[in-house]
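Per UniProt numbering: the sequence shown = residues 1 to 737.
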Amino acid sequence: GTKSIIRGGIIMQEELFLKVLNMSITGSAVILCVVLMRFLLRKAPKVFSYALWSVVLFRLVCPFSFESALSLLPVNPEPIPERIVYAAVPQIQTGIGAVDRIVSSSLPGATPYASVNPLQIWIFLGSLLWIMGIAALLIYSIFSLMGLKRRLRTAVHDQDNIYLCADIDTPFVMGVIHPRIYLPASLSGTEKEYILLHEQTHIHRFDHVVKILSFFVLCIHWFNPLVWAAFFLSGRDMEMSCDEAVIRRLGHEVKKDYSSSLLSLATGRRIVGGTPLAFGEGDTRGRIMNVLNYKKPAFRVLLIAFLAVLILGMGLMANPKAGENFTAAVYRVDEILYSASQYSFAYTTDSAPQYNISSDYVLFRKEVSEQDWVMLGSLYKYPLSRQERYGLFESLNNKAHDNLDEVKTIYRADLKDENQTFILVMEQKNGHVLLAHGYDHPGNPRVRWLFHLDKVAEPETNGQAGQAGPQGSSAFGTIDAEPVEKAEDPLEGAVSAAILQHNRNEYRGGDFSAQAHTTLATEAGKPAAGNGVNTVTVYAMALYMEFGYRGGGLSETGGSHMPIALTFEVEDKNVYRLMEYWTPRDGADYGPSLREKFPERIFPGGIGEDALDTQKYIQAHAMACYEQAIAYGQVDVGNEIAGLIETICSSPAYMSNPGAYIDAHPLEYRTLIYYGSHTLEYCFDLFAQGGQRGLEGHIMAAACREIMMAKGVSFDDMLYNTGQDWYDSIKDWAIPL
């Protein structure tokens, strides 16, 4: 609808503004280089200085360029990341450490769960101000041209494209496709000759087109004072190079008369506009001095100037050539270069974790004993001098010292835990990668380990992560909705069967029953007196659900979710017979009965608290039960999911925060979550087609994120402007997980 169109327009406006900021930063660096070279070429013909401004024009207009190892660009061509507005810790990466630290530290961070980021508000306001500035300059130029047009009503055609006008003070070129030369009617014949030649030279070189293009670029970058300086300096070089062309053609004997004409026809002001291209515009004194001092340059000077302009121009147009990217790869520790001696625990290369760096610079870690990747944080550039690097270590051995000396780029991730852990990923000049693990103690940051990493894979999936999900089964046999290991632990199978058998007598009317549970602890019992029977008690959180099938759809008809304690007689290592099925008492006795039944050792430190917190497991358990019911009934839930999303988006119509729509439809949203992998598949198909930038995209992204988190996938605190943006940012690494 209209809201989606407006929202999409705002997003495009902000993205365009960020692109312009990037081009302006890059262009500023090029302007400074050109100004320096312009000073060095002050004795050379001005055509060389004028030619260099084309590189500035290119950098201010074109957001991309070719790469070269010979690039002379002193800054990162994209210093502001495209998704900076959604970053939890916004960072710019100009490549100039001091600038990056100062600017990045002043940027407001993300506010989790807020509808918009503070930085996003600033960028939106900045983009509005930017557009207003463009409009103001264009309106000013239009009114100036309208006033000039009125003065030209008295112009008389002289010959070809030449017109004479008594109401103008200086000659100028006006027009683009069919440019006209306007001359003051008071010009003498001699003045007319070389002034005409001056204006015709402008036309032959397409200076009148360059002037208009330069003005439009100035309008786009009006907020950058260096672009204003470039506009006027390039105009000055344009006029001086044209003056020199006239002198070369007519001979040095006209220099005095030509200078007199410059003085008499000077406007005494700079014209800020795309047209006209005025003969007497700008720095009259400088132009006269340049004309009077002009001499035919020696061939050696021309050659040196030409080579200097060519080398600098190509070097500034090219982006630095990116080496082999260390992202989108999995690494193992192949050498431990440093391990702080004050810590008792130490890694070996066999016990050290693996690391995964995604293509969007997100760092993951997987311990040897774990199946899942854990996200550590986003990497950002973190320049450190050699002495600053050395200061992070208690005492460096020679090998670690030598490796640190070869570092060219450093990135940092902050874990924000109680130890203030930080990770430094260091790219060496030879392409190798080091990783330092340390603690940011106030005033005394220290590295605990320094690893040399070896790339072991560049998977499309960005690394494979396993997920230990809840155990699930049904009353009609085990349904394998996803590839899992077929061999089930006999004890877990006994727990599943007991849950189904016990609850089947409590709920009636369902067409299908399913269960899912998570084992919190097991406890082996001593043989009962006199009978020598071995027992085992399983403490678990269990969900039992019954479903009905009507009209091709699926509905819940009953169920329960609670902690349980099941005691089995162990008849054989693979045979368990249920002796007791315990459930907690209701009401005020719920907590005390849990503590009475569950062993005291379970409660300290978390497991017992988990047993009390049914909400921690409900999503994963419900998704497992729904998966079984969908598979058993062969239900096509695509239409169901589409209907749920449509219902959620239907109200409240006056709200703009997607969370309000979810809050208004809790049952529909809950069902959307419980459909689990089916919801993911449905939403990802739509996201893959693109364009999900409206409310539906927000709802789908929220549901997918919640489902994936229930499945064990971790995310950072980044906020995204649209659901499509969220999907585009995670599809390369999170979806395969």
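Beta carbons are placed, not taken as given, at the ideal position from N, Cα and C, and that holds for glycine.
Source: prediction; values computed, not measured.
Among the options, nearest to residue i - alpha-carbon criterion
{"i": "S650", "options": "G251, V635, E668 and G633", "result": "E668"}
{"i": "I195", "options": "P171, K211 and D207", "result": "P171"}
{"i": "V447", "options": "V209, L337 and A328", "result": "L337"}
{"i": "F512", "options": "N534, L554 and M132", "result": "L554"}
{"i": "A318", "options": "W53, K616, F66 and A588", "result": "F66"}
{"i": "Q724", "options": "S714, C683, T671 and S186", "result": "C683"}
{"i": "M541", "options": "L500, E556 and T614", "result": "T614"}
{"i": "W373", "options": "L16, M709, L32 and L21", "result": "M709"}
{"i": "T519", "options": "E492, L379 and G510", "result": "E492"}
{"i": "Y258", "options": "P225, V301, L213 and S188", "result": "S188"}
{"i": "L543", "options": "T537, E571, F598 and Y617", "result": "Y617"}
{"i": "H665", "options": "F547, V635, I699 and K597", "result": "I699"}
{"i": "L566", "options": "D589, Y590, G552 and T522", "result": "T522"}
{"i": "A298", "options": "H502, P45 and I121", "result": "P45"}
{"i": "V30", "options": "V20, G9 and W53", "result": "W53"}
{"i": "V254", "options": "D237, W228, V217 and E191", "result": "E191"}
{"i": "E571", "options": "V176, N721, Q692 and N534", "result": "N534"}
{"i": "G126", "options": "F17, M146, D586 and A229", "result": "F17"}
{"i": "L644", "options": "H678, L396 and W582", "result": "H678"}
{"i": "Q387", "options": "K256, L404 and K399", "result": "L404"}
{"i": "H401", "options": "Y390, I410 and S264", "result": "Y390"}
{"i": "V217", "options": "L60, D586 and P490", "result": "L60"}
{"i": "E596", "options": "Y539, A624, E646 and Q619", "result": "Y539"}
{"i": "I96", "options": "I410, T722 and S234", "result": "I410"}
{"i": "I162", "options": "P353, I181 and S234", "result": "I181"}
Distance between beta carbons of residue j and residue i, contact taken as under 8 Å
{"i": "V246", "j": "H198", "result": "5 Å"}
{"i": "G676", "j": "E627", "result": "6 Å"}
{"i": "M426", "j": "L415", "result": "17 Å between Cβ atoms; not a contact."}
{"i": "W130", "j": "F223", "result": "7 Å"}
{"i": "S24", "j": "H204", "result": "Actually they are not in contact, since the Cβ atoms of S24 and H204 sit about 32 Å apart, beyond 8 Å."}
{"i": "P81", "j": "L119", "result": "Contact doesn't hold; Cβ gap of about 11 Å is too wide."}
{"i": "S381", "j": "D100", "result": "With the sequence shown as reference, residue 381 is identified as Lys, and Ser is not the correct amino acid for it. That belief holds up - the Cβ atoms of K381 and D100 are roughly 6 Å apart, short of 8 Å."}
{"i": "G591", "j": "T557", "result": "Not really, about 29 Å apart at Cβ, beyond 8 Å."}
{"i": "G27", "j": "V309", "result": "Contact doesn't hold; Cβ gap of about 18 Å is too wide."}
{"i": "R236", "j": "G175", "result": "Contact doesn't hold; Cβ gap of about 23 Å is too wide."}
Beta-carbon spacing of residue i, residue j below 7 Å
{"i": "G315", "j": "L72", "result": "yes"}
{"i": "M562", "j": "E569", "result": "no"}
{"i": "V75", "j": "I92", "result": "no"}
{"i": "L262", "j": "T284", "result": "yes"}
{"i": "A436", "j": "G377", "result": "no"}
{"i": "E394", "j": "Q428", "result": "no"}
{"i": "V55", "j": "G313", "result": "yes"}
{"i": "residue 738", "j": "Y661", "result": "As shown, the chain starts at 1 and ends at 737. That puts residue 738 outside it, with no answer to give."}
{"i": "S214", "j": "F231", "result": "yes"}
{"i": "H621", "j": "A516", "result": "yes"}
{"i": "S68", "j": "K455", "result": "no"}
{"i": "residue 780", "j": "D167", "result": "As shown, the chain starts at 1 and ends at 737. That puts residue 780 outside it, with no answer to give."}
{"i": "P179", "j": "H208", "result": "yes"}
{"i": "D636", "j": "S359", "result": "no"}
{"i": "F422", "j": "G438", "result": "yes"}
{"i": "residue 742", "j": "A494", "result": "Summary: the structure shown does not reach residue 742, with the chain confined to residues 1 through 737, and so no result is reported for it."}
{"i": "Y581", "j": "L453", "result": "no"}
{"i": "G525", "j": "M545", "result": "no"}
{"i": "S351", "j": "V368", "result": "yes"}
{"i": "V156", "j": "L164", "result": "yes"}
Heavy atom of the ligand COA within 6 Å of residue i beta-carbon
{"i": "V156", "result": "The ligand COA is not among the ligands present in this structure, which contains no ligands whatsoever."}
According to DSSP, residues forming a beta bridge with residue i
{"i": "M545", "result": "A514 and G559"}
{"i": "residue 739", "result": "Residue numbering for the chain in the displayed model covers 1 to 737; residue 739 lies beyond these limits and cannot be assessed."}
{"i": "Y411", "result": "K381 and V425"}
{"i": "S339", "result": "W449"}
{"i": "M174", "result": "R180"}
{"i": "T567", "result": "T537 and E580"}
{"i": "D454", "result": "R332"}
{"i": "H252", "result": "BP columns for H252 are empty, so no partner."}
{"i": "C165", "result": "P184"}
{"i": "T190", "result": "Bridge partners of T190: none, in fact."}
CB contact below 7 Å: residue i versus chain C
{"i": "K19", "result": "The displayed structure is made up of one protein chain only, and chain C is not part of it."}
Exercise. With contact counted as at least three CB pairs below 8 Å, one residue from each stretch, are the region 149 to 157 and the region 129 to 140 in contact?
Worked result: no
For this session: Flag this pair as touching only if the region 292 to 305 and the region 37 to 47 have three or more C-beta atom pairs under 8 Å; answer yes or no.
Result: yes
Exercise. Is the region 285 to 298 close to the region 20 to 40, with three or more CB pairs under 8 Å?
Worked result: no
Exercise. When the Cβ atoms of the region 43 to 52 are set against those of the region 225 to 245, are three or more pairs found closer than 8 Å?
Worked result: yes
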